[in-house]
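Chains as they are written, first to last, in our numbering: chain A, 1 to 324; chain B, 1001 to 1324; chain C, 2001 to 2324.
For each residue, glycine too, the CB sits at the ideal point set by N, CA and C.
Worksheet for the structure shown next.
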Amino acid sequence: RIMRPDDANIAGNVHGGTILKMIEEAGAIISTRHCNSQAGESCVAALARVERTDFLSPMCIGEVANVSAEITYTSRHSVEVQVNVMSENILTGAKKLTNKATLWYVPLSLKNVNKVLEVPPIQYARKEQEDEGKKRYEEQKLDRLETKQRNGDVILPVINPEPHTVGYSQSSLIHLVGPSDCTLLGFVHGGVTMKLMDEVAGIVAARHCKTNIVTASVDAINFHEKIKKGCVITVSGRMTFTSNKSMEIEVFVDADPFVDEPRERYRAVSAFFTYVSLSKEGKPLPVPQLLTETEDEKRRFEEGKGRYLQTKAKRQAQMQQAAQ
Amino acid sequence: RIMRPDDANIAGNVHGGTILKMIEEAGAIISTRHCNSQAGESCVAALARVERTDFLSPMCIGEVANVSAEITYTSRHSVEVQVNVMSENILTGAKKLTNKATLWYVPLSLKNVNKVLEVPPIQYARKEQEDEGKKRYEEQKLDRLETKQRNGDVILPVINPEPHTVGYSQSSLIHLVGPSDCTLLGFVHGGVTMKLMDEVAGIVAARHCKTNIVTASVDAINFHEKIKKGCVITVSGRMTFTSNKSMEIEVFVDADPFVDEPRERYRAVSAFFTYVSLSKEGKPLPVPQLLTETEDEKRRFEEGKGRYLQTKAKRQAQMQQAAQ
Amino acid sequence: RIMRPDDANIAGNVHGGTILKMIEEAGAIISTRHCNSQAGESCVAALARVERTDFLSPMCIGEVANVSAEITYTSRHSVEVQVNVMSENILTGAKKLTNKATLWYVPLSLKNVNKVLEVPPIQYARKEQEDEGKKRYEEQKLDRLETKQRNGDVILPVINPEPHTVGYSQSSLIHLVGPSDCTLLGFVHGGVTMKLMDEVAGIVAARHCKTNIVTASVDAINFHEKIKKGCVITVSGRMTFTSNKSMEIEVFVDADPFVDEPRERYRAVSAFFTYVSLSKEGKPLPVPQLLTETEDEKRRFEEGKGRYLQTKAKRQAQMQQAAQ
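See the structure below:
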């Protein structure tokens, strides 16, 4: 589809959240189709996890987004989908790879939303494909267990914060879940949640550096808990780390099922977004350093630095591999 | 993409206007891409005409719309695009052809919106394809000239109208053209206009028969005049004819460029929409007869009857041909 | 236009904010058209004030909203517009008056947004109409001056609040102003701001009473400061008063022009919204009493009580007058 002014910031760069939403919609369609391809109970595929996603080049208003999706692995109860997004300038014909994302879906019964159904197995062209898929499956399973544990954190408000501190740029929004945000089962589409998360993370980044910013990458996101129609969701973001030219923002999604349900507010999703600041010519700009004040802020900064260095090392290893 | 509650009426049937908008977006992308495929001035393809379109089967919330487009003819200054829409139930795997539409686009220079550029010719697999395309091209050209003349009509309000008269169901809406309604050239997308026209026609139909209604077909629509960002558009509809099970509604679009331009309000588009009324089981229901009062209303009723009988005769001829 | 699922809450009642947005759009169109009706500099009418608006009856999904607007007074630099909203059930034909609103607009030059142009005078049918209009004009002018002074207040966050306290239900959201939120001059439509204000107020009300709630009325709103494209706006709401069956919520809108402008965050708008809680049958329900803790909260509660009693007295006077 053609990118509109509403999909972009005032510099004309399409929001990362718009792209994440398109990716998730493509993934939900292909995996729901696959899981219903055999006779048996009908189901809807629900997003369980998105692997780390890099935004390789910015997309602009007026360009056409081409989204293609393929199922690359199936376990007994989950489907791995690979989605590629190409941006196409239909005036010049130029095409660029914008995103490569890997998503995991789980089929939930239409009759009983708490029942996970079995996934019809796919055929692999080569035995190694299955083995590699299985390895990826085991890795993400482990990672999901880990993140389930570090979910208690809350973003506390700060009165009269200094510029460039954590409290200065932290932001949150509330959103009442409407019918168009939801699947047939009445639960929020993962893509809708990710779009709101990117919106908050982008505002945190812009408040910190006061320039034009774009999403550079999103760390793996796990969707532990479903969010129901009629909930109010609170999406909060705080900066955790800055390198010379990038900012890492942690985003929480909390759901408040306050109408006709006795349940407490709960943490539904959390993730790390990385943003860069761009000049008018599209070059990355230096970013003001984050000022950490409390012990917790300093600890989170060090953890963010660890993630940053790890990613950098991985990328260099890949480039060396590619050069050989 | 997946059909959402907002794309549909309260009975769950997707609005014809939503489908027309998707069709036009696909047509605009493929024809803009084609017209820029040769070196030369950049351009944007603008919708000039949509041929008569039938809605073969209703689409529902939760189904996926698959839209495919193909260029089927090029004249020196215009492109004919054929768009097919399939509705796919991803739970059952069932697919149905929903629409087959033919659209004509004209490439306008990005630098000078009043300059029509030349279209790169396409290759035809067989000589007959080119000849048939040329015939369709000549036919639509003639038809566009004709409609250009009957555009002076205005819908006047009626005080205390009786049920089932023309005045009783006639309706209009105004819309302020915003940035997301527009192409790169700052003119309203044809698809946006068609969606508003379908909305008004649907309200006219529902007011007349007070049941669940769906778009059955749209007569050829000619886009004589562009509509610019910042205009206010008035979309008005009145019923012109009823058969036993269908209603014909005439819709006008008038543009009011009241800011920063000295121009008068002008008629931008007009078209005939046909609606049917559906029972809860999806069966067509009888429709109350339209009560005509003035001479003009009687004349328009007869003209509508003429179009209805002509379409019916054409369809029977096609069915006989198919049966042979 | 037809009310869609996204225009309403999960009980099917259309959000007050959706209606306020339609009202403002109609007012902006009619007043911009009027102010450009004479030769001279082009302009866009900007919303300066909305008088107190009552929501007389709820509107539902599937109903058609009929909005009509009329210019009722012009001063040298401002236009008074009266807007009526009728809800029409197109299946039964039943029509109900939903809202009667009065709005004030000011024409701003398209070339220089800080220049207020002169308004072409309208003709009055009777001299008394002009005199009454002038009286309304003077009254609102006075009121605008007053509210300009009480704007310093800030909503501070509360840690671990008790149910039914002010801190428990207070809420805020952030919104990045996009192109579709703005007029031709690049400033946020008043209607967009009112819709966000109603969204926050509704969430505050729902958090307090945990039932289905609808907007009952909005006090006069003054738009002192324009909000520019690219700003982040923070909309915050807190409950100030509860009667047996109604809740009053104060809403602030602050604008943060953080990209490419040196300006500080400023208060753009503030207003009081009144909500009622409805049972499944549409009857008003009792509301839990607001627990006030600080001196400021107690003072605001008393002020809210004053407004409540004043409105009640006015309504009784009107009913007695109508009965005579």
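In this structure, C/Pro2288 keeps its C-beta atom at 7 Å or more from the C-beta atom of C/His2189. At least one CB atom of chain A sits nearer than 7 Å to the CB of C/Ile2174. About 6 Å separates the CB atoms of C/Leu2185 and C/Leu2108; that is less than 8 Å, so the two are in contact. B/Tyr1168 carries a helical assignment under DSSP once its states are collapsed to helix, strand and coil. Taken in chain order, the members of the stretch 1092 to 1103 of chain B whose beta-carbon sits within less than 8 Å of a beta-carbon on chain A are Thr1092 and Gly1093. For A/Ser180, the residues of chain C that pass the 7 Å Cβ criterion are Pro2005 and Asp2006, in the order they occur in the chain. For A/Thr215, the enclosing beta strand (DSSP E) stretches over residues Ile213 to Val218. Residue range Val1232 to Thr1242 is occupied by the beta strand (DSSP E) that includes B/Gly1237. Inclusion of A/Val192 and A/Leu173 in the CB contact set at 7 Å is not warranted, their separation being larger than that value. B/Ile1159 counts as exposed, since fewer than 16 other beta carbons sit within 10 angstroms of its beta carbon.
Not flagged as an interface residue toward chain A: C/Val2192, since no C-beta distance is shorter than 7 Å. For a Cβ distance threshold of 7 Å, nothing in chain C lies close to A/Pro161: the least Cβ distance comes to about 12 Å.
Along the stretch 54 to 83 of chain A, the positions whose C-beta sits under 9 Å from a C-beta of chain B are Ile61, Gly62 and Val64, read in chain order. Against B/Ser1037, the close residues of chain A are Gly93, in the order they occur along the chain (beta-carbon pairs closer than 7 Å).
In this structure, B/Leu1176 and C/Glu2025 form a Cβ contact; the two beta carbons are roughly 6 Å apart against a cut-off of 8 Å. One finds Ser2171, Ile2203, Ala2206 and Arg2207 in chain C with Cβ atoms closer than 9 Å to the Cβ of A/Val232, taken in chain order. One alpha carbon belongs to B/Glu1302, the other to B/Ser1246, and they sit about 15 Å apart. For A/Met86, the enclosing beta strand (DSSP E) starts and ends at Val79 to Glu88. By the neighbour-count criterion, in which a residue is buried when 16 or more other Cβ atoms sit within 10 angstroms of its Cβ, B/His1077 is exposed. In the structure shown, the three-state DSSP call for B/Tyr1124 is coil. Each residue's CA atom was taken as its position, placing C/Glu2225 and C/Ala2323 some 42 Å apart. Contact annotation, B/Ile1155 with B/Arg1238: C-beta distance approximately 5 Å; criterion of less than 8 Å satisfied. Within 7 Å of the CB of C/Pro2157, the CB atoms of chain A belong to Pro157, in sequence order along the chain. Contact annotation, A/Val214 with A/Asn13: C-beta distance approximately 5 Å; criterion of less than 8 Å satisfied.
Taking a beta-carbon distance threshold of 7 Å, B/Ile1010 counts as an interface residue toward chain C. Taking C-beta separations shorter than 8 Å and ignoring five residues to either side along the sequence, the partners of B/Gln1140 in its chain run Arg1049, Glu1051, Trp1104 and Ala1220, following chain order. CA-CA distance, A/Arg300 to A/Gly167, rounds to 14 Å. Close partners of C/Ile2090 in chain B (Cβ separation under 8 Å): Ile1203, Ala1206, Arg1207 and Lys1210.
When DSSP states are grouped into helix, strand and coil, C/His2175 belongs to the strand group. No Cβ of chain A is located within less than 7 Å of the beta carbon of B/Thr1018. Per DSSP, the beta bridge partners of C/Tyr2275 are C/Thr2215 and C/Met2247. Rounded to the nearest whole angstrom, the CA to CA distance from A/Arg126 to C/Lys2021 is 58 Å.
In this structure, DSSP gives A/Ser180 a helical state, which the three-state scheme calls helix. Contact annotation: C/Val2044 and C/Ile2002 have beta-carbon atoms that are not nearer than 7 Å.
Contact of B/Ile1002 with chain A by beta-carbon distance below 8 Å involves Glu25, Ala28 and Ile29. Using beta-carbon distances, B/Phe1258 counts as an interface residue toward chain C, with a partner under 7 Å.
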